[in-house]
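Quick mapping for you: the protein sequence lines, in order, are chains D and B.
Just add 60 to the spot in the first sequence (first one is 1) and you have this note's numbering.
Just add 60 to the spot in the second sequence (first one is 1) and you have this note's numbering.
Where is the CB? At the ideal position from N, CA and C, for every residue including glycine.
These numbers were taken from a predicted model, which means no experiment stands behind them.
Below is one structure, written out as structure tokens; comments come after it.
2 protein chains.
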Amino acid sequence: MKLSRFGARITGQSGISDLMDDLGDALANKPEMIMMGGGNPGHIPEVSKCFQRLLQDLANDAELAHSTVGVYDQPAGDQSFRQKLAAYLSGQLDQEIDASQIVVTNGTQTSLFMLFNLFAGPGEDNVNRKILLPMLPEYIGYADTGIDPALFHSLAPKVEPTSAHRFRYRPDFEELSTLDDIGAVCVSRPGNPTGNIISTPDLEELDEFAKSWGVPLIIDGAYGLPFPNLIYRDSKVYFSDNTILTLSLSKLGLPAVRTGIVVAPKAIAKRLATMNAIMSLAPASLGQALMSPLLEGGKLDALCAQHVRPHYLAKRDALLEAADRHFQAHGVDYEIHEPDGAMFLWIHFPSLRISSQALYEMLREREVLVVSGHYFFFGTSEPGLHSDRCIRVTYSQNSDKVLAGIEIIAKTVAEFA
Amino acid sequence: MKLSRFGARITGQSGISDLMDDLGDALANKPEMIMMGGGNPGHIPEVSKCFQRLLQDLANDAELAHSTVGVYDQPAGDQSFRQKLAAYLSGQLDQEIDASQIVVTNGTQTSLFMLFNLFAGPGEDNVNRKILLPMLPEYIGYADTGIDPALFHSLAPKVEPTSAHRFRYRPDFEELSTLDDIGAVCVSRPGNPTGNIISTPDLEELDEFAKSWGVPLIIDGAYGLPFPNLIYRDSKVYFSDNTILTLSLSKLGLPAVRTGIVVAPKAIAKRLATMNAIMSLAPASLGQALMSPLLEGGKLDALCAQHVRPHYLAKRDALLEAADRHFQAHGVDYEIHEPDGAMFLWIHFPSLRISSQALYEMLREREVLVVSGHYFFFGTSEPGLHSDRCIRVTYSQNSDKVLAGIEIIAKTVAEFA
Numbered sequence: 061m062k063l064s065r066f067g068a069r070i071t072g073q074s075g076i077s078d079l080m081d082d083l084g085d086a087l088a089n090k091p092e093m094i095m096m097g098g099g100n101p102g103h104i105p106e107v108s109k110c111f112q113r114l115l116q117d118l119a120n121d122a123e124l125a126h127s128t129v130g131v132y133d134q135p136a137g138d139q140s141f142r143q144k145l146a147a148y149l150s151g152q153l154d155q156e157i158d159a160s161q162i163v164v165t166n167g168t169q170t171s172l173f174m175l176f177n178l179f180a181g182p183g184e185d186n187v188n189r190k191i192l193l194p195m196l197p198e199y200i201g202y203a204d205t206g207i208d209p210a211l212f213h214s215l216a217p218k219v220e221p222t223s224a225h226r227f228r229y230r231p232d233f234e235e236l237s238t239l240d241d242i243g244a245v246c247v248s249r250p251g252n253p254t255g256n257i258i259s260t261p262d263l264e265e266l267d268e269f270a271k272s273w274g275v276p277l278i279i280d281g282a283y284g285l286p287f288p289n290l291i292y293r294d295s296k297v298y299f300s301d302n303t304i305l306t307l308s309l310s311k312l313g314l315p316a317v318r319t320g321i322v323v324a325p326k327a328i329a330k331r332l333a334t335m336n337a338i339m340s341l342a343p344a345s346l347g348q349a350l351m352s353p354l355l356e357g358g359k360l361d362a363l364c365a366q367h368v369r370p371h372y373l374a375k376r377d378a379l380l381e382a383a384d385r386h387f388q389a390h391g392v393d394y395e396i397h398e399p400d401g402a403m404f405l406w407i408h409f410p411s412l413r414i415s416s417q418a419l420y421e422m423l424r425e426r427e428v429l430v431v432s433g434h435y436f437f438f439g440t441s442e443p444g445l446h447s448d449r450c451i452r453v454t455y456s457q458n459s460d461k462v463l464a465g466i467e468i469i470a471k472t473v474a475e476f477a
Numbered sequence: 061m062k063l064s065r066f067g068a069r070i071t072g073q074s075g076i077s078d079l080m081d082d083l084g085d086a087l088a089n090k091p092e093m094i095m096m097g098g099g100n101p102g103h104i105p106e107v108s109k110c111f112q113r114l115l116q117d118l119a120n121d122a123e124l125a126h127s128t129v130g131v132y133d134q135p136a137g138d139q140s141f142r143q144k145l146a147a148y149l150s151g152q153l154d155q156e157i158d159a160s161q162i163v164v165t166n167g168t169q170t171s172l173f174m175l176f177n178l179f180a181g182p183g184e185d186n187v188n189r190k191i192l193l194p195m196l197p198e199y200i201g202y203a204d205t206g207i208d209p210a211l212f213h214s215l216a217p218k219v220e221p222t223s224a225h226r227f228r229y230r231p232d233f234e235e236l237s238t239l240d241d242i243g244a245v246c247v248s249r250p251g252n253p254t255g256n257i258i259s260t261p262d263l264e265e266l267d268e269f270a271k272s273w274g275v276p277l278i279i280d281g282a283y284g285l286p287f288p289n290l291i292y293r294d295s296k297v298y299f300s301d302n303t304i305l306t307l308s309l310s311k312l313g314l315p316a317v318r319t320g321i322v323v324a325p326k327a328i329a330k331r332l333a334t335m336n337a338i339m340s341l342a343p344a345s346l347g348q349a350l351m352s353p354l355l356e357g358g359k360l361d362a363l364c365a366q367h368v369r370p371h372y373l374a375k376r377d378a379l380l381e382a383a384d385r386h387f388q389a390h391g392v393d394y395e396i397h398e399p400d401g402a403m404f405l406w407i408h409f410p411s412l413r414i415s416s417q418a419l420y421e422m423l424r425e426r427e428v429l430v431v432s433g434h435y436f437f438f439g440t441s442e443p444g445l446h447s448d449r450c451i452r453v454t455y456s457q458n459s460d461k462v463l464a465g466i467e468i469i470a471k472t473v474a475e476f477a
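Spelled out as structure tokens, the structure:
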């Protein structure tokens with residue numbers, strides 16, 4: 061097979077394809093596997109019922125059913141959906157958002173593939189710009205998105221202890237001041253894999269750096285603000301005239317509709333809509349049609365506050381309690397990133413004698429699937445001390461199994477530390 | 061705004077973005093415009109009812125509703141859908157198709173963006189390969205998909221008169237024998253914009269050329285075989301062990317679900333699934349869920365044969381009759397490509413004294429929207445005589461308006477020829 065350089069690289073062995081192969085293999089051959097690896101949202105009965113009702117309403121309205129499956133949207137998404145969303149966001153972001161600032165895509169993965177390659181890579185002025193990830197670890201899904209093979213410039217974080225067995229990462233602003241040739245800055249907030257929520261002052265400082273370079277600050281809000289609101293620490297949504305906010309319907313409970321949303325300055329939104337046309341023609345309509353009725357009368361916020369957020373918060377608290385108990389019972393040296401948001405615990409084992417990948421393999425043998433932390437450190441040759449001693453565990457799935465899983469993790473780490 | 065070279069080019073003024081801007085402007089400011097430009101499928105009441113019923117069935121089944129919106133598919137698409145589709149295609153293609161040969165994408169535009177850039181551009185061996193379009197005119201939507209700015213190598217067609225005021229394009233095989241550095245060969249079949257259906261012997265010859273270069277033959281079957289079957293001339297679906305067949309649910313009546321299907325050799329399908337994961341994470345589920353019940357018991361073929369195909373065939377015949385009548389009444393020098401498939405008439409005006417773009421603008425003034433033929437000639441510096449004297453008119457929309465539109469076209473061309 062004769063492949064382009066880009067094609068060979070993007071389809072070759074990568075973190076994400078390794079993981080998927082492994083996951084597929086585990087699912088096929090080990091039905092008892094405890095799934096604490098992937099990012100599938102939990103099944104929340106009230107939320108499923110809500111979306112089923114919305115789907116029924118849509119299906120029972122001949123005109124709406126036809127427009128949802130039978131008429132192409134504009135490349136930026138349905139105009140009336142974008143207007144409703146703009147009105148909703150204007151309330152949330154405390155500033156006027158116009159429909160022309162909104163582009164609907166086929167999911168956040170597609171949003172970021174487009175944005176990263178719009179801003180980074182060899183430039184019109186022959187400068188080779190990078191996407192700056194100012195605070196590793198960052199989302200594994202970004203790692204292979206570059207048309208240019210070295211798309212990212214990533215910085216190791218500062219580690220700040222917060223209390224017994226707890227810490228937080230923060231951006232290292234001294235490192236930032238030495239950089240140039242940046243095309244855009246990107247952070248996930250809440251962070252995947254850590255659950256970190258970068259503070260507003262830190263975001264403002266990142267935004268100032270971005271402005272000083274004349275580039276945008278991309279905030280990947282897939283887990284967060286203003287929805288699905290998997291936020292467990294007092295935090296506000298951040299938006300400035302230099303911000304690109306990417307949102308998703310996935311963690312609200314709609315991962316299979318593949319709807320991503322980008323809120324950006326108008327000139328960037330216009331570029332992105334053209335890119336959407338060329339790469340996807342138009343976004344899928346279903347997610348927009350299901351969301352539309354929720355954008356009015358506070359329904360979306362109520363769904364998040366009453367069902368989505370409490371579901372994950374309860375699971376987080378249960379896993380956190382069990383983790384502390386089992387790790388301490390087995391004498392494990394551990395620290396957990398403050399789980400301020402999202403659906404993950406990010407656990408650091410300072411005395412681990414094996415690599416996090418070896419730990420992952422050991423755990424897989426014992427039928428617990430986690431993600432080795434090393435995947436989340438890319439775009440740098442100096443990833444820092446945490447890069448080989450952490451794992452990410454997901455608490456979105458069935459609680460009993462997850463609680464059994466954390467005990468197996470505690471026992472296993474105790475053997476190798 | 062600092063953009064990558066790729067980003068600046070793909071989001072700059074291009075055929076497709078010009079067209080979209082113009083279309084948006086026309087829709088906003090000229091409500092009486094007769095739309096014979098775009099590719100929206102027609103509204104077929106029986107088909108809309110069928111899909112509404114399928115949507116209701118899905119919405120009323122709590123488990124199915126949840127899996128359709130609430131659970132990520134695998135990157136290649138839902139396994140059970142791919143198995144059903146493989147069984148259906150095995151019957152249609154007269155050979156065993158395995159589910160592992162099928163990848164579901166977010167639409168044909170995305171399928172081809174991935175395939176073109178997988179095979180063409182600078183190669184691992186430093187050879188810069190091209191996508192060969194062996195017979196212009198070709199689909200405008202391909203034109204801007206290249207990560208590499210010069211992705212295509214296109215050949216002008218041979219023109220064969222068939223009867224009074226009719227002709228067909230054929231590939232110029234002598235030209236093909238002089239080529240090298242090809243990464244893949246691609247044809248739309250039925251052709252967009254011409255409605256041409258390349259004959260099986262000609263396809264076999266193209267496939268032989270592709271094999272001699274060690275590259276695949278991509279057949280874009282969005283309008284065709286085996287579904288939605290907008291085929292008006294005895295033709296068979298073509299598939300070999302060197303073929304990549306791309307299919308779409310759009311022209312069946314489901315453009316807004318954004319579901320594309322790629323059938324390929326297993327090794328290529330595996331690469332494409334990885335590319336899908338990195339660019340889109342997973343495909344949207346709705347199109348697969350709606351199609352699944354139709355794949356059994358001959359339902360899909362019956363829907364196409366009883367409703368989809370007859371709808372377009374009747375519209376084609378009506379427009380063709382009106383075109384001959386009005387062109388001849390106004391003494392227009394014209395020839396129409398044999399409308400063997402799809403939903404377009406491709407009309408050549410040999411004596412046109414203005415460019416096809418100028419004709420388009422004139423017609424827009426008179427509230428008839430068509431597409432200027434020059435957009436469909438790209439990837440060559442020698443597009444041939446037809447490249448500036450043709451228009452594409454779509455017959456999928458409201459018939460009375462379309463019939464009024466063709467008379468305005470006849471009068472206008474008569475003034476400028």
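Helix, strand or coil at residue i according to DSSP, with G and I counted as helix
{"i": "Ile207 of chain D", "result": "coil"}
{"i": "Ile414 of chain D", "result": "coil"}
{"i": "Lys109 of chain B", "result": "helix"}
{"i": "Phe212 of chain D", "result": "strand"}
{"i": "Val131 of chain B", "result": "coil"}
{"i": "Ser272 of chain B", "result": "helix"}
{"i": "Leu429 of chain B", "result": "strand"}
{"i": "Met95 of chain D", "result": "strand"}
{"i": "Ile291 of chain B", "result": "strand"}
{"i": "Ala342 of chain B", "result": "coil"}
{"i": "Leu192 of chain D", "result": "strand"}
{"i": "Lys218 of chain B", "result": "strand"}
{"i": "Ala244 of chain D", "result": "strand"}
Contacts that residue i makes with chain D (C-beta to C-beta distance below 7 Å)
{"i": "Tyr19 of chain B", "result": "The question about residue 19 of chain B has no answer, for chain B in this structure spans 61 to 477."}
{"i": "Ala119 of chain B", "result": "Gln112, Leu115, Gln116, Ala119"}
{"i": "Phe66 of chain B", "result": "Asn177, Gly181, Ile207"}
{"i": "Val247 of chain B", "result": "Under the 7 Å cutoff, chain D gives no residues; its nearest Cβ is about 19 Å from Val247 of chain B."}
{"i": "Phe173 of chain B", "result": "Met339"}
Residues near residue i by beta carbon distance below 7 Å, same chain, minus five either side
{"i": "Pro286 of chain D", "result": "Gln152, Val297"}
{"i": "Gly439 of chain D", "result": "Leu193, Phe212, His213, Ser214"}
According to DSSP, residues forming a beta bridge with residue i
{"i": "His408 of chain B", "result": "B:Glu395, B:Cys450"}
{"i": "Ser223 of chain B", "result": "B:Arg226"}
{"i": "Cys364 of chain D", "result": "Answer is none; Cys364 of chain D lacks a bridge partner."}
{"i": "Arg369 of chain B", "result": "None, per the DSSP bridge assignment."}
{"i": "Ser64 of chain D", "result": "B:Gly183"}
{"i": "Ile279 of chain B", "result": "B:Val247, B:Leu305"}
Under 9 Å from the C-beta of residue i: neighbouring residues of chain B
{"i": "Gly167 of chain D", "result": "Asn166, Ser340, Leu341, Ala342, Ala344"}
{"i": "Ser108 of chain D", "result": "Ala122, Ala125, His126, Val129, Gly130"}
Beta-carbon contacts of residue i that lie in its chain and below 8 Å, excluding the five residues immediately before and after
{"i": "Thr334 of chain D", "result": "Pro135"}
Own chain, CB closer than 6 Å to residue i, minus 5 neighbours either side, in chain order
{"i": "Ile157 of chain D", "result": "Ala146, Leu149, Ser150"}
{"i": "Val163 of chain D", "result": "Ala136, Val322, Ala329, Leu332, Ala333"}
{"i": "Asp280 of chain D", "result": "Ser248, Thr306"}
Listed by chain order, chain B residues near residue i by CB distance under 8 Å
{"i": "Val317 of chain D", "result": "Val129, Ala344, Ser345, Leu346"}
Interface residues of chain D facing residue i [CB-CB closer than 8 Å]
{"i": "Ala327 of chain B", "result": "Met61"}
Under 9 Å by beta carbon: chain D residues contacting residue i
{"i": "Arg369 of chain B", "result": "The premise fails here: Arg369 of chain B is roughly 17 Å from chain D at the closest Cβ pair, so nothing lies under 9 Å."}
### Task
Scan the region 133 to 148 of chain D for residues whose Cβ lies nearer than 8 Å to a Cβ of chain B and list them as they occur along the chain.
Asp133, Gln134, Pro135
### Task
Could you run through the region 92 to 103 of chain D and flag, in chain order, every residue whose CB is less than 9 Å away from some CB of chain B?
Gly98, Gly99, Asn100, Pro101, His103
### Task
Could you list the residues in the region 69 to 91 of chain D with a C-beta less than 7 Å from some C-beta on chain B, going in chain order?
Ile70, Thr71, Ile76, Ser77, Met80
### Query
the region 192 to 219 of chain D: which residues have C-beta closer than 8 Å to a C-beta of chain B, in chain order?
Gly201, Asp204, Thr205, Ile207, Asp208
### Message
Which residues of the region 263 to 293 of chain D have a Cβ closer than 8 Å to any Cβ of chain B? Give them in chain order.
### Response
Gly274, Val275
### Message
Against chain B, which members of the region 437 to 460 of chain D pass a CB distance test of less than 9 Å?
### Response
none
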